[in-house]
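This report concerns only the one structure given below.
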Amino acid sequence: MISNDIIASLVYKYMDMANEWPIDKIEKIFNFLDDLVLRINLIIEQNSKLSDEEFLKFIGNLPEKYSKIKNLDGTQTVLENNNYNKNLIDILKDRKFITSSKKFGKDNIRLYIKDYTN
986 MISNDIIASL VYKYMDMANE WPIDKIEKIF NFLDDLVLRI NLIIEQNSKL SDEEFLKFIG
1046 NLPEKYSKIK NLDGTQTVLE NNNYNKNLID ILKDRKFITS SKKFGKDNIR LYIKDYTN
């Protein structure tokens, strides 16, 4: 049973991504992971197995600069320019949750969130 962040981190570290994991197990691991990078990497690794609704639910449980993406309201957000965010941005583009992204300042990337509210 996954009941704390240490167990969740160990399960995540040793889980076989080639196997199909039930969504409830993925949610438990995700919810107990304290490390943002691990949480984002889990979303990236499980991307192909998640519906759009499930994907947005995970994004919605990240800090605000990420969670505002789930609203799909045409706003913008800024993420740090690093490998895990670049991978996440590629997925967001593929899923058509963002219209574009561009370098913003020295160390950031601005995302233009798709507007599905109209």
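Heads up, the sequence shown is in this note's numbering, so the first residue is 986 and it goes up one at a time. Glycine residues also receive a C-beta, built at the ideal position from the N, C-alpha and C atoms.
Counting only residues of its own chain and dropping the five nearest sequence neighbours on each side, residue 1032 has a CB closer than 6 Å to the CB of 1076. Rounded to the nearest whole angstrom, the C-alpha separation of residue 1047 and residue 1004 is 25 Å. Check the Cα spacing between residue 1101 and each of 1091, 1095, 1083: the tightest is with 1083.
Pairing residue 1088 with residue 1062, the inter-Cα distance amounts to about 12 Å. Counted as a single uninterrupted DSSP element, the stretch harbouring residue 1101 is not any alpha helix (DSSP H), since DSSP gives it neither H nor E. Rounded to whole angstroms, the Cβ separation of residue 1053 and residue 1081 is 17 Å, and the two are not in contact under 8 Å. In the structure shown, the three-state DSSP call for residue 1089 is strand. Residue 1057 and residue 1067 have their C-alpha atoms spaced approximately 23 Å apart.
Straight through space, the alpha carbons of residue 1093 and residue 1049 are spaced by roughly 16 Å. Within the DSSP secondary-structure output, residue 1065 pairs in a beta bridge with 1093.
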